[in-house]
Amino acid sequence: NGQDEESMTEEHVKHGFFDKPFVSNEYVSAHDILVEKIKDPECLQNLSEFMTDIMKRKQEIEMNTLQGLVFFIWVAPDERDKWLKQLAGNVPLRELVKNVPKGVEGTNLLELVTLHRVPLARATWFTKIVGINLTHNDIYRNSTEHTKNWTQTFCTFIQLQSKDYDPEKWRYSISLAKWQFDEGLFDQRLLRGMLDNLDQADPLHTAIWLLLVQQFLAEFQRSRTLMRLLIEIILKKLQDIYQQSLASKLEIVVKMLKNMLHTLFLATPDMFVFPTCWNTYKDLLRRVLVEDSPTRFDTIPSKNLKRQRERYYELIRARNEVFDEKKSDIIGKRSAQELQKNRMINRLIARGDMIQERRTSERSKRHLRYLEHFPLYNAELHHLNQRRIILYGVNKNDSRDQSVYDAMVHRIKIKLPYMFPESNNELDEPIVDNPIADSHLALNFDHETLNCIKHATKFCQIDVIRGEIGDITSDGFDLIFKKWVKSNVRADDDCILRSDRSQWFLSFFVTLVVRHLVSMDVVMEHLCERNLSRLLEKINSHKQLDPRDLIECKNMAIILRLMLIQDDGDNPCSEIPLSTMEVQVLQYNCETLSRNKDITFTDTIANIFQKLALIECSIDPNDSLVVYLQQLRVDLSKVYWFKQLCAVDVENVYRRFVKVSKKLTKSKEIEKCMIEIMQTSLSSSLEGDENVRSIASYTTHLETIFSQVNLWNLRKCRIGFWLCMDQVMLVGSNKHRSPRPSPARLPIKDEDGDVLMNWTDQSTNVDLKSAVIEFFWEKLVLKEKMDRSILAYMIQDIREDVINELLGYGLGVLKRCKELVSDIEEVFRALLIPINHDKKLDFCEDLLDQVKKINDEFQKDTSDDSNLNLKRVDAYVSRVMSRVKLLVLGTHVMTERVNAVITSNSQE
35 NGQDEESMTE EHVKHGFFDK PFVSNEYVSA HDILVEKIKD PECLQNLSEF MTDIMKRKQE
95 IEMNTLQGLV FFIWVAPDER DKWLKQLAGN VPLRELVKNV PKGVEGTNLL ELVTLHRVPL
155 ARATWFTKIV GINLTHNDIY RNSTEHTKNW TQTFCTFIQL QSKDYDPEKW RYSISLAKWQ
215 FDEGLFDQRL LRGMLDNLDQ ADPLHTAIWL LLVQQFLAEF QRSRTLMRLL IEIILKKLQD
275 IYQQSLASKL EIVVKMLKNM LHTLFLATPD MFVFPTCWNT YKDLLRRVLV EDSPTRFDTI
335 PSKNLKRQRE RYYELIRARN EVFDEKKSDI IGKRSAQELQ KNRMINRLIA RGDMIQERRT
395 SERSKRHLRY LEHFPLYNAE LHHLNQRRII LYGVNKNDSR DQSVYDAMVH RIKIKLPYMF
455 PESNNELDEP IVDNPIADSH LALNFDHETL NCIKHATKFC QIDVIRGEIG DITSDGFDLI
515 FKKWVKSNVR ADDDCILRSD RSQWFLSFFV TLVVRHLVSM DVVMEHLCER NLSRLLEKIN
575 SHKQLDPRDL IECKNMAIIL RLMLIQDDGD NPCSEIPLST MEVQVLQYNC ETLSRNKDIT
635 FTDTIANIFQ KLALIECSID PNDSLVVYLQ QLRVDLSKVY WFKQLCAVDV ENVYRRFVKV
695 SKKLTKSKEI EKCMIEIMQT SLSSSLEGDE NVRSIASYTT HLETIFSQVN LWNLRKCRIG
755 FWLCMDQVML VGSNKHRSPR PSPARLPIKD EDGDVLMNWT DQSTNVDLKS AVIEFFWEKL
815 VLKEKMDRSI LAYMIQDIRE DVINELLGYG LGVLKRCKEL VSDIEEVFRA LLIPINHDKK
875 LDFCEDLLDQ VKKINDEFQK DTSDDSNLNL KRVDAYVSRV MSRVKLLVLG THVMTERVNA
935 VITSNSQE
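For the sequence shown, the residue numbers in my numbering are 35 to 942.
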């Protein structure tokens with residue numbers, strides 16, 4: 035019959051089909067029916083009694099069910115111990131529940147399960163069974179009372195165990211406590227009991243209580259009260275140990291206390307915003323969190339954690355000092371006050387105090403006066419708009435603030451004409467003061483100007499500083515600094531930077547950067563790089579650098595160490611010690627610039643170190659400056675932010691440090707210096723001195739790189755391969771004598787002791803470059819286990835001389851090998867794209883010659899042997915087609931049609 039809508043009735047034809055609803059009224063709601071009944075108090079009381087009755091019946095059913103399943107019996111001690119051994123074994127619980135020993139409860143239960151080493155899950159089951167039985171027998175009124183009593187019981191038990199310490203029992207008790215706490219058998223009283231016992235423990239027992247507390251750190255972090263109490267107890271114990279000079283005797287306890295404090299500080303730094311505790315233990319906190327220097331055996335993660343603690347320390351210190359009236363951090367107070375003012379604006383709007391009907395009330399007038407005078411230091415645009423609308427309405431302008439602002443700016447500009455020039459060109463030359471004409475500028479502000487500034491609202495005062503003067507003191511100071519460097523830092527002998535007593539002046543540059551008056555990249559570009567460029571011009575003019583030039587170069591290196599490395603290197607700057615705050619700010623600036631992948635910042639650093647390397651190569655190798663520059667280069671490669679920059683943007687760093695230096699300098703020594711920086715930063719340096727490295731060291735290093743290639747480190751391995759080949763090509767064709775082979779030779783290992791490769795040299799006086807190129811083809815390309823597409827990616831955009839060497843050896847492989855590995859076209863495509871057309875044409879001609887030679891050999895074989903089988907024909911076709919595919923590849927690349935390079939694998 036079909037569907038209703040398919041029937042062609044007269045009604046459907048005239049009016050169309052309308053689907054009938056299943057119910058008469060689809061939009062009816064039970065709300066109107068039930069709402070009045072629900073409002074009736076008697077109905078609500080009936081619902082409440084109904085729910086209470088359900089809960090009681092559910093509890094009765096559970097108790098009756100448990101009573102029917104669990105059977106408690108009185109047994110002798112031998113039978114009880116036998117049952118506990120079965121509980122500790124593999125006997126099913128459904129069998130053990132039939133004869134649960136009665137009377138095992140409280141501390142006796144804990145002692146027995148600890149003695150028999152009952153598995154944690156089965157011990158917890160036994161605890162629950164006993165607890166439910168006690169609750170059912172009305173010994174406890176409810177489960178909450180049982181939880182409280184069980185927590186007190188366990189605290190008593192663990193305290194007795196600490197007095198008669200047994201390592202195995204203590205470890206079991208700790209695990210049992212954590213398991214049962216997660217099961218909900220304990221409440222927060224257990225955590226408080228731990229802290230009380232830790233506080234009362236003597237130094238020898240402190241360690242075992244720390245082991246227990248360590249298992250519950252995640253639970254402590256849920257409570258601000260418990261966390262603060264834990265922190266205070268740890269600090270108190272550390273201070274007592276130091277004051278009694280027991281640190282050497284209690285070295286393990288001190289280490290455990292410090293480690294726990296470090297963990298708490300990194301996990302929950304906000305808990306240390308505790309002014310009372312901070313003021314009491316601030317010296318100890320600085321000693322433990324900041325001043326304890328890492329040892330030379332510490333790993334890189336531990337050093338990174340120390341840096342993180344130092345950052346948090348400065349932030350937490352500032353927040354605590356906000357509440358210290360004797361020593362307050364203005365910036366911290368300002369941030370807290372700023373937050374309160376922004377909240378005040380939002381609260382006034384939300385309460386409706388600023389609507390027209392309420393603006394005339396005394397309360398609203400008072401708030402309006404507050405809002406008019408309160409300064410907004412770092413307010414966003416919507417806060418300023420909200421303030422303007424509240425004070426002056428939607429369609430009115432803040433004419434009063436603007437008039438006061440203009441008057442203050444005008445008077446300040448008159449008093450400070452050199453700070454506010456008509457144009458930037460006025461700062462091209464140094465300003466020479468005229469004592470007579472400029473005498474009025476040396477006097478203080480006049481009475482009218484002082485009154486104008488004094489009677490202005492705080493909002494207008496800060497707005498002038500943040501606006502007109504702020505432009506000069508931010509980007510404007512950068513401009514002034516550039517003009518000053520251009521005018522005052524010259525090659526004159528009286529220049530302060532050419533003196534060996536300019537440490538105070540170098541410290542002044544650091545202060546400008548730390549106080550955010552001049553940006554770090556401006557100092558490096560316009561001070562360091564330009565001065566080094568001037569010294570290089572002298573070297574390029576075939577002039578010798580005099581002693582003052584060397585002093586100036588040393589001062590530039592000191593500035594670079596202070597700005598970029600601070601105290602992270604192996605040889606910290608001893609000339610100008612930095613405070614912790616200065617180190618933090620400088621590190622933050624470097625990490626911010628590197629994290630933003632600032633190309634200008636990377637270019638500036640690369641240019642500076644290229645110039646330093648050129649200067650290093652042009653002076654006496656025995657000069658002390660050479661050693662200082664070498665150490666500076668090594669420390670840069672090891673500093674944390676530079677290693678992160680190389681890890682995140684490794685290709686751009688390689689391009690700037692290695693490729694550009696090769697194009698600009700044409701000096702192998704300079705290129706070697708830049709390669710060493712990159713290799714050390716990527717932790718891919720070759721072991722041993724360059725002059726004594728064997729061929730095996732290079733090939734082992736290459737095999738290590740390719741064995742570590744995966745999707746996540748492909749670019750890093752690629753640059754590591756490039757750097758290794760850069761070193762090989764820089765060595766040139768020098769003959770390297772390989773070590774004499776020995777059967778007892780030890781394998782080469784990495785830093786973790788893992789064997790990288792067992793390599794033995796079979797030849798001596800082998801050309802390094804030829805040996806490495808041969809290794810690449812024979813061990814990597816022609817091995818089936820290597821992915822040729824990855825190899826092709828690794829050699830893309832590599833230096834030209836490496837491409838030529840690889841392509842030359844590849845042609846030899848084609849002549850020698852009858853059968854080629856699959857996907858070898860990928861490798862040849864990567865080699866053919868960057869070379870010139872003449873070499874591409876030579877490649878195609880060589881392939882044609884090979885095809886002709888194969889064809890001639892086949893014709894000769896067929897003429898001599900009349901028994902031509904199918905296997906020989908297939909081998910012939912395979913050899914010819916592999917060369918033809920490469921020939922097609924070469925012609926496509928040569929005609930710049932790269933997209934359709936690889937032909938089908940089918941031999942049609």
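By construction, the Cβ of each residue, glycine as well, lies at the ideal position given by its N, Cα and C atoms. Since the structure is predicted, the reported quantities are computational estimates derived from the model, not experimental observations.
Bridge partner(s) assigned by DSSP for residue i
i	result
Asp-200	Asp-200 is not bridged to any residue.
First and last residue of the uninterrupted alpha helix (DSSP H) at residue i
i	result
Ser-658	658 to 672
Ile-268	258 to 277
His-489	481 to 489
Ser-398	396 to 407
Ser-715	702 to 715
Gly-140	140 to 149
Ala-864	858 to 866
Pro-111	111 to 122
Asn-747	Note, Asn-747: premise wrong, no alpha helix (DSSP H); not H, not E.
Pro-303	Segment: none, Pro-303 is in no alpha helix (DSSP H) and carries neither H nor E.
Met-828	822 to 829
Ala-647	633 to 652
Cβ-Cβ separation, residue j to residue i (assumed contact under 8 Å), whole Å
i	j	result
Val-836	Met-759	5 Å
Val-557	Ala-640	Not quite, the Cβ-Cβ distance comes to about 17 Å (not below 8 Å), so this is no contact.
Leu-845	Phe-877	7 Å
Ile-610	Leu-598	That pair is no contact at about 14 Å.
Val-806	Val-847	Actually they are not in contact, since the Cβ atoms of Val-806 and Val-847 sit about 15 Å apart, beyond 8 Å.
Val-548	Leu-620	7 Å
Val-287	Thr-240	5 Å
Glu-860	Ala-826	4 Å
Met-828	Phe-755	5 Å
Lys-702	Leu-764	5 Å
Val-743	Thr-714	Not really, about 21 Å apart at Cβ, beyond 8 Å.
Glu-625	Trp-675	5 Å
Sub-8 Å separation of residue i and residue j beta-carbons
i	j	result
Ile-268	Leu-291	yes
Ser-628	Leu-679	yes
Arg-421	Leu-402	no
Val-980	Arg-343	Since the first residue shown for the chain is 35 and the last is 942, residue 980 is missing from the structure and cannot be characterised.
Leu-854	Gly-924	no
Thr-181	Gly-140	no
Phe-299	Tyr-346	yes
Trp-184	Ile-242	no
Ile-711	Leu-757	no
Pro-309	Ile-350	no
Val-660	Ile-653	yes
Glu-253	Leu-219	no
Leu-272	Leu-318	yes
C-beta neighbour in chain D for residue i, strict 8 Å
i	result
Gln-830	The structure shown contains no chain D; it is built from a single protein chain.
For the region 564 to 583 and the region 618 to 636, state whether three or more C-beta atom pairs, one from each stretch, are separated by less than 8 Å.
no
Quick test of the definition: if touching needs 3 or more C-beta pairs under 8 Å, does the region 226 to 233 touch the region 247 to 267?
yes
Could you check whether the region 641 to 654 touches the region 584 to 600, counting it as contact only if at least three pairs of C-beta atoms, one from each stretch, sit closer than 8 Å?
yes
Take every Cβ of the region 204 to 223, pair it with every Cβ of the region 147 to 157, and state whether three or more of those distances are shorter than 8 Å.
yes
Quick check: the region 817 to 827 against the region 878 to 897, are at least 3 beta-carbon pairs closer than 8 Å?
no
Can you confirm whether the region 136 to 146 touches the region 186 to 204 when touching is taken to mean that 3 or more C-beta pairs between the two stretches lie within less than 8 Å?
yes
Three or more C-beta pairs below 8 Å linking the region 675 to 691 and the region 730 to 737
no
For the region 531 to 547 and the region 489 to 499, state whether three or more C-beta atom pairs, one from each stretch, are separated by less than 8 Å.
No, the region 531 to 547 does not touch the region 489 to 499.
Taking three-plus beta-carbon pairs below 8 Å as touching, is the region 911 to 919 in contact with the region 860 to 872?
no
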